[in-house]
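Here the structure comes first, spelled out in structure tokens, and everything after it is commentary.
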Amino acid sequence: MQAIKRFGELKLEQFVQGVNNNWLIFSPLPFGRQHSSGIDGDIIISATPTIEIIDADLDVVIDPQYTYAYSVATDNKFKLAFSKTSYKDKSSAMEALECLSIKYELENLVPNGNYYRVVVRNSLGEEVHRTNPLLLDQVDKVISTLDDTRDVSMSGYVRYEIERDYIVN
549 MQAIKRFGEL
559 KLEQFVQGVN
569 NNWLIFSPLP
579 FGRQHSSGID
589 GDIIISATPT
599 IEIIDADLDV
609 VIDPQYTYAY
619 SVATDNKFKL
629 AFSKTSYKDK
639 SSAMEALECL
649 SIKYELENLV
659 PNGNYYRVVV
669 RNSLGEEVHR
679 TNPLLLDQVD
689 KVISTLDDTR
699 DVSMSGYVRY
709 EIERDYIVN
């Protein structure tokens, strides 16, 4: 089974500046297959030439025929490297990626009882909050609390997604 996510939907954890490249480190792909430290070849980035590398090569000069190089190691975090001449900072890199999508393999998913997660997204579709596993009556409390306490004049509207919680097997 596979999933497709836009880069804007992924949670960015870190922006790293290297000698040759800069790279973005995202949280593990939601419910993604566990990766080894090598090259698995099961991730596809839409509409742009990319190559998979190992983590140790994130700062090695990228072959000019590729726009990006990516790595997913045993920590399962998605790391996307690009030449320093392409984008100078995190915001310009994220702006270029926002319409691109990533297709990846899902792990074997087993429902975690009657638990769900609430994912809150801003008007750009970016994840701004994710809960721990909750029962449905707790989900209602989280949504009403967020609605009652946030300043809508500053952050615009939010969208709530309720998704079943799974154990990745």
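For the sequence shown, this note's numbering gives the first residue as 549, with consecutive numbering after it.
Where a beta carbon is used, it is the ideal one built from N, C-alpha and C, also for glycine.
Here the structure is a predicted model, which is why all the values come from computation and not from measurement.
Query raised in the report: So, helix, strand or coil for L686, using DSSP?
Result: As a position in the sequence shown, residue 686 is number 138, starting the count at 1. The question names Leu, but residue 686 is Gln in the sequence shown. If DSSP states are grouped into helix, strand and coil, Q686 belongs with the helices.
**Report entry** CA nearest to the CA of P578, picked from Q686, N662, M549
**Finding:** Residue 578 sits at position 30 when you count from the first residue of the sequence shown. That would be M549, whose Cα lies nearest to the Cα of P578.
Report task. Any chance you could list the beta strand (DSSP E) runs of at least 3 consecutive residues sitting entirely within the region 633-711, in chain order? Result -> 649-653, 657-669, 675-678
Report task. Within 10 angstroms of the Cβ of L560, are there 16 or more other Cβ atoms? Answer buried if so, exposed if not. Result -> For the purposes of this step, residue 560 is taken as the residue at position 12 of the sequence shown. By the neighbour-count rule (16 or more Cβ atoms within 10 Å), L560 is buried.
Requested in this report: Buried or exposed for G556, please, with buried defined as at least 16 other CB atoms from any protein chain shown within 10 angstroms of its CB.
Outcome: On the sequence shown, residue 556 is found 8 positions in, with the first residue counted as 1. Counting Cβ neighbours within 10 Å, G556 comes out buried, since at least 16 surround it.
Query raised in the report: Measuring CB to CB, does R649 end up less than 9 Å from I552?
Result: Start at 1 with the first residue of the sequence shown, and residue 649 comes out as number 101. Start at 1 with the first residue of the sequence shown, and residue 552 comes out as number 4. First, the residue type needs correcting, since residue 649 is Ser and not Arg in the sequence shown. In this structure, I552 lies closer than 9 Å to S649 by Cβ.
Report task. Please name the residue in D637, R678, V716 whose C-alpha comes closest to that of I710. Result -> For the purposes of this step, residue 710 is taken as residue 162 along the sequence shown, with counting starting at 1. With distances taken between Cα atoms, I710 lies closest to R678.
Requested in this report: Determine the contact status of Y616 and I593, defining contact as a CB-CB distance below 9 Å.
Outcome: Taking the sequence shown and counting its residues from 1, one reaches residue 616 at position 68. Taking the sequence shown and counting its residues from 1, one reaches residue 593 at position 45. The answer is yes: Cβ separation under 9 Å.
**Report entry** N720, buried or exposed, once every other Cβ within 10 Å from all chains shown has been counted against 16
**Finding:** With the chain running from 549 to 717 in the structure shown, residue 720 is simply not present.
Query - Between the CA atoms of L683 and S692 - distance to the nearest angstrom - result: By one-based count along the sequence shown, residue 692 stands at place 144. By one-based count along the sequence shown, residue 683 stands at place 135. So the two alpha carbons sit approximately 15 Å from each other.
Report task. Could you tell me the boundaries of the beta strand (DSSP E) in which I552 lies? Result -> Within the sequence shown, the letter at position 4 stands for residue 552. Per DSSP, I552 belongs to the beta strand (DSSP E) from 550-554.
Query raised in the report: Assuming A621 and H583 make a contact with CB atoms under 8 Å, what is their CB distance in whole Å?
Result: Position 73 of the sequence shown, counted from the first residue, corresponds to residue 621. Position 35 of the sequence shown, counted from the first residue, corresponds to residue 583. Yes, A621 and H583 are in contact; Cβ-Cβ is about 6 Å, under 8 Å.
Query - The beta strand (DSSP E) enclosing T598, as first and last residue numbers - result: As a first step, residue 598 must be located in the sequence shown, where it is residue number 50. Here the beta strand (DSSP E) through T598 covers 598-600.
Requested in this report: If I'm right that R554 touches E653 with Cβ under 8 Å, what's the distance once you round it to whole angstroms?
Outcome: The residue you call residue 554 lines up with position 6 of the sequence shown. The residue you call residue 653 lines up with position 105 of the sequence shown. R554 to E653, Cβ: 17 Å. No contact.
Requested in this report: Indicate the three-state DSSP secondary structure (helix, strand or coil) for D603 in the structure shown.
Outcome: By one-based count along the sequence shown, residue 603 stands at place 55. Reduced to three states, the DSSP call for D603 is helix.
Query - Contacting residues, own chain, Cβ-Cβ under 6 Å from Y635 (five flanking each side not counted) - result: The residue given as residue 635 occupies position 87 in the sequence shown. Here the set comprises A641.
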